[in-house]
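**Q** Questions regarding the structure given below will be posed in turn.
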Ligand code: TYD
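Numbering (UniProt numbering), first residue to last: 1 to 206.
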């Protein structure tokens, strides 16, 4: 495939949105055609699923939750991401299957390998060229979100130990695939994180 697929991962409140916006501008300024998208969401069906997954008030069984994320992912990759990569675009995506491994695996305590395999089946094994993990301690992330005054969604409202498990899982995933992951300390300045990201991305986009 001609394009480049870059994913961002990290806990809620890790600063992904800010860094994605800065990277999008940097890539466009450097002459690349960029598609910015996110999971859950990114398509019409995805946004409907996003609403169910994040704002449904009743209990959702852990495996059902994993399947809903996988359904969103499958449709998103098939209809939006693969076509963009085939055109040769750079796709910058907020969350991908590592989110499922961390949140549904470590968070909800499902088997990590099964969750990963489910996502890879759903996407016909599309792997990112680069995954940027913004690592922030759960208490720092929580404090940032409280300043935000938004209503917490179903996942964000989970207890501190849930978010600690998610963080540990992300770090273990990065350690297992050091070539794919760039792990950055998400507590340092926005500018220095952006600089570290563009240094690495310039190698990947050529
Ligand atoms: P996100 O869009 O990053 O939230 P926000 O825009 O509010 O920061 O992600 C929504 C939530 O869904 C987030 O808490 C993480 C969770 N999530 C999973 O549990 N599994 C997944 O596979 C994905 C993609 C997200």
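Note that beta-carbon positions come from the ideal geometry of N, C-alpha and C, so glycine has one too.
Is the beta carbon of residue 56 within less than 6 Å of some heavy atom of ligand 1?
**A** No.
**Q** Measure the alpha-carbon distance for residue 21 versus residue 113 and round it to whole angstroms.
**A** Going from the Cα of residue 21 to the Cα of residue 113 covers about 32 Å.
**Q** Could you check whether the Cβ of residue 69 sits closer than 6 Å to any heavy atom belonging to ligand 2?
**A** No copy of ligand 2 occurs in the structure displayed; its ligands are ligand 1 alone.
**Q** Roughly how many angstroms separate the alpha carbons of residue 152 and residue 165, rounded to a whole number?
**A** If you take the alpha carbons of residue 152 and residue 165, they lie about 19 Å apart.
**Q** Give the secondary structure of residue 153 by DSSP, where H, G and I count as helix, E and B as strand, and everything else as coil.
**A** It is coil, neither helix nor strand.
**Q** Mark residue 53 as exposed unless 16 or more other C-beta atoms lie within 10 angstroms of its C-beta, in which case mark it buried.
**A** Result: buried.
**Q** Where does the unbroken alpha helix (DSSP H) through residue 95 begin, and where does it stop?
**A** No alpha helix (DSSP H) contains residue 95, which DSSP labels as neither H nor E.
**Q** If you compare alpha carbons, which of 202, 174, 137 and 157 is closest to residue 186?
**A** Selected option, being the one with the closest Cα: 137.
**Q** For residue 12, count neighbouring C-beta atoms within 10 Å of its own C-beta (all shown protein chains included) and say buried if the count is 16 or more, exposed if not.
**A** Result: buried.
**Q** In whole angstroms, what separates the C-alpha of residue 196 from that of residue 204?
**A** The alpha-carbon atoms of residue 196 and residue 204 are separated by roughly 13 Å.
**Q** Please check the pair residue 89 and residue 3, which I expect to be a contact at CB under 8 Å, by giving their CB distance rounded to whole angstroms.
**A** With 8 Å as the limit, residue 89 and residue 3 qualify as a contact, their Cβ atoms being about 5 Å apart.
**Q** Looking at C-beta atoms only, is the number of pairs between the region 162-177 and the region 119-136 that lie closer than 8 Å three or more?
**A** Yes, the region 162-177 is in contact with the region 119-136.
**Q** Quick one: residues in its chain with C-beta nearer than 7 Å to the C-beta of residue 1, no 5 flanking neighbours on either side, listed in chain order?
**A** If we look at residue 1 and ignore the five residues flanking it on each side, its Cβ neighbours are 85 and 86.
**Q** Runs of 4 residues minimum, wholly inside the region 5-66: which ones carry the alpha helix (DSSP H) assignment?
**A** Those alpha helix (DSSP H) runs which fall completely within the region 5-66 and span 4+ residues are 16-29 and 44-55.
**Q** Return yes when the Cβ of residue 184 is within less than 7 Å of the Cβ of residue 193, no when it is not.
**A** Yes, the Cβ-Cβ distance between residue 193 and residue 184 is below 7 Å.
**Q** Measure the CB-CB distance between residue 122 and residue 73 and report whether it falls below 7 Å.
**A** Contact: yes.
**Q** Would you kindly check if the distance between the Cβ of residue 80 and the Cβ of residue 42 is under 7 Å?
**A** Against a cut-off of 7 Å, the Cβ pair of residue 80 and residue 42 comes out as a contact.
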